[in-house]
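Taken in sequence, the protein lines are chains A and B.
Residue numbers are given in the working numbering: position 19 of the first sequence equals residue 23, and the series is strictly consecutive.
Residue numbers are given in the working numbering: position 211 of the second sequence equals residue 219, and the series is strictly consecutive.
Just below is one structure, and these are the notes that go with it.
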Amino acid sequence: MRPFKFSIAGDPETAITTVSANANAKFLGGGTNLLDLMKEDVTHPSALINITRLKHTAIEKTDNGILIGGMATNSFTANHEKIRKNYPLLSMAILAGASAQIRNMATNGGNLNQRTRCTYFYDVSMPCNKREPGSGCGALKGMNRNHAIFGWSEKCVAVYPSDMAVALSALDAVVHVQGGSTGKRTIPFADFHRLPGNNPEIDNNLKHGELITSIELPENDLADHSYYLKIRERSSYAFALVSVAAAMSLDGTKIKDVRIALGGVAHKPWRAAAAEQLLKGRDATIANFKAAATAELSKAKPLEHNKYKVKLAGDAIVRALTYALNGAGYGIEAGLHSEV
Amino acid sequence: MEDQPKFPDLTDAERSALEELMPDEISEIITSGMKRRHFLKLFTFTGTGLLATHLLGIEQLMARSATGNPLPPTGIENGINVSFKVNGNTQQLLLDSRMTLLDALRERLDLTGSKKGCDHGQCGACTVIIDGRRVLSCLTLAATCEDREVTTIEGLADGNKLHPMQEAFIKHDGFQCGYCTPGQICSAVALVNEAKDGEASYVTNNIRKTGKAVELSDEEIRERMSGNICRCGAYPNIVNAIREVQGDKAVAQVWQFADGTI
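Put into structure tokens, the structure is as follows:
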């Protein structure tokens, strides 16, 4: 690891001023991704400002939802009574990610800022436009079985790895940030992460020096029918090949509201807008779920080695919606073992 | 061995225990430490309970040389003074800002129980407990540990009494090469507390039900231990050990010494 200056911030203003003054400085949250990237020499900040002692760790009720602190850990958030009761989709998604040890360290703000696990990005001897703009994309014509089927560009086909963010996308979360020239601002979740376009090195729309202070979850009536399904190569502690956050509210047998977001398929959490549109107002039946999945996946553009993801994602949408419909408990017994 | 490791004097109890078990080799052990053949011999001399007691004696014998005098720093860049507690002892160290907690424990405090496996957060061999929560020491900068309380495998036993999880791992042979074992045991100790506190996992049934201790099925234990990888595949025995500590019933031991070896 290359040398860097380390400091601890006691308040957000100090943290923001210190990072803003140095284009090569970074906030250090749980460090579970940042430290790894520094060890691999993918990133080499000249200064780290530890922000885990800042007070943005609470989870509190607001007039129209819940605010979760940017510095709260993933474990704390997933297990908080308010989240488990009202946003079980978020709890499930967080608990599907990484391991207990990592969730105990990782912060909510840091989770949103984690970077792709594309092997070409991680291997500094390979070309990668995300790591080194202009160097090319090793994955486009290389081994791309884990890569994007939606929204990619010739410059980058990497996928975004967070499970938590897929649920936040479905829940229409809002990111609260502080710093920069504007002081404080809010970013709707759909606008937080970016598609690669010509600048894949920019993962999201945070500006240098901006700090995620909290994430707002608007109130909804989706809790009774929600499910986070994660498909991976081993049953735990692996990144998703494809994941689905599915939630709906019902009016009798009809679908009043429905949210579907996919992980592992694009440069950002992929909101399945076509599928949602098809399902709204229709009966909650497996036939309709299948039609919705087909509509969404008809727009997929797989690469050479990841055509399997098209069928996998379609099947996963149907399965996740079915579990969500059944209110099928949340967990392996009620969910993954039941027939669809 | 040209450089013989220095060991402190044995207590009377330790000396008599060793003399009783291995009268021929006691002097060699005292001068050159515990070797594998001593270990194997000890193993054949003793039953499981005895083995546990004596392993602890040896472990403490080895560990004692490590406390009190942190190793001096070398080649520090952007030095940070850190004061934190490790296994109940306050430590004050001047550290390179790049140093991970794992390296500080192993290289500066000589606490080599926590193992460096992948060094990238993928294997769990370096798991320690900070302020009651299990974390990966390879992804923790030591500089972030100011005022924290760190517990490593060396700090789990209570004096001469092994932690119940350590005893259960021995009873159920929850290790083969043993390299991942310290991290597994730290993880398992924290896991039991997490379940008691009602914390959910991805496989917990009905995550919306809160406030109740979670009963650990084998499925739950496997999911919760999935951050600790064991290449030998000692998993079934590890699950048995954790079930034993978490539940109130003894779990049957699936191995025993062959006839005639004791």
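The beta-carbon is built from N, C-alpha and C at its ideal position, and this holds for glycine as well.
In this structure, the CA atom of I215/B is about 8 Å from the CA atom of S95/A. Here the alpha carbon of K93/B sits roughly 11 Å from the alpha carbon of L101/B. Taking one beta carbon from each stretch, the stretch 303-323 of chain A and the stretch 193-207 of chain A have fewer than 3 pairs nearer than 8 Å; the two do not touch. Your pair Y124/A and G146/A checks out as a contact, with CB atoms roughly 7 Å apart and the cut at 8 Å. No Cβ-Cβ contact shorter than 8 Å links V181/A with I219/A. Along the stretch 236-258 of chain A, the positions whose C-beta sits under 7 Å from a C-beta of chain B are S240, Y241, read in chain order.
Rounded to the nearest whole angstrom, the C-alpha separation of N115/A and L283/A is 30 Å.
In the DSSP annotation of this structure, the continuous segment of the alpha helix (DSSP H) that includes V197/B starts and ends at 189-204. When C-beta atoms of the stretch 164-178 of chain A are compared with those of the stretch 256-267 of chain A, three or more pairs fall below 8 Å, so the two segments count as touching. By the C-beta density criterion, Y312/A is exposed, having fewer than 16 other C-beta atoms within 10 angstroms. The C-beta distance from E154/B to S91/B rounds to 6 Å, short enough to fall under 8 Å. Q118/A sits in coil when the DSSP states are folded into three classes, being neither helix nor strand.
Listed by position along chain A, the residues whose Cβ is nearer than 7 Å to that of L170/B form an empty set, because the closest Cβ is around 23 Å away.
In chain order, M5, R6, P7, F8, F10, M42 make up the part of chain A whose C-beta sits under 9 Å from the C-beta of R106/B. Straight-line measurement puts the Cα of S79/A at about 32 Å from the Cα of G167/B. Every unbroken stretch of the beta strand (DSSP E) spanning 3 or more residues and falling wholly within the stretch 140-219 of chain A is given here in chain order: 178-182, 188-192. Taking the C-beta atoms as reference points, S230/A is found nearer than 8 Å to P92/A. In the displayed model, N236/B falls within coil according to three-state DSSP, outside both helix and strand.
Only residues of its own chain outside the window of five on either side were considered, and among them A97, I98, A100, G101, Y232, K234, A244, S247, G267 have a CB closer than 8 Å to the CB of D167/A, listed in chain order. The Cβ neighbour count for N68/A, taken over all protein chains shown within 10 Å, is under 16; the residue is labelled exposed. Proximity of I246/B to chain A, defined by a Cβ-Cβ separation below 8 Å, is not satisfied. Within the same chain, and ignoring the five residues on either side of A110/A in sequence, the residues whose Cβ sits closer than 6 Å to its Cβ are G34, T36, N78. For a cut-off of 8 Å, the C-beta gap from T108/B to A165/B is around 25 Å, too long to register as a contact. Nearest Cα to D15/A within the set G213/A, M5/A, L58/A, A104/A: L58/A. At a C-beta separation below 7 Å, N108/A has these neighbours in chain B: R141, R142, V143. Closest by C-alpha distance to T160/B, out of D118/B, A249/B, D20/B, is D118/B. M96/A belongs to the set of residues whose beta carbon lies under 8 Å from a beta carbon in chain B. Taking the Cα of N208/A as reference, the smallest distance to any Cα among S239/A, D319/A, H271/A, D255/A is reached at H271/A. T36/A belongs to the set of residues whose beta carbon lies under 8 Å from a beta carbon in chain B. Counting along the chain, the unbroken beta strand (DSSP E) around L254/A starts and ends at 246-255.
Beta-bridge annotation (DSSP): I53/A is paired with S11/A, F31/A. When C-alpha distances from A194/A are compared across T120/A, S239/A, P273/A, the shortest belongs to P273/A. Here D287/A carries a strand assignment [DSSP, helix/strand/coil]. A250/A sits close to A324/A, with the two beta carbons spaced by under 8 Å.
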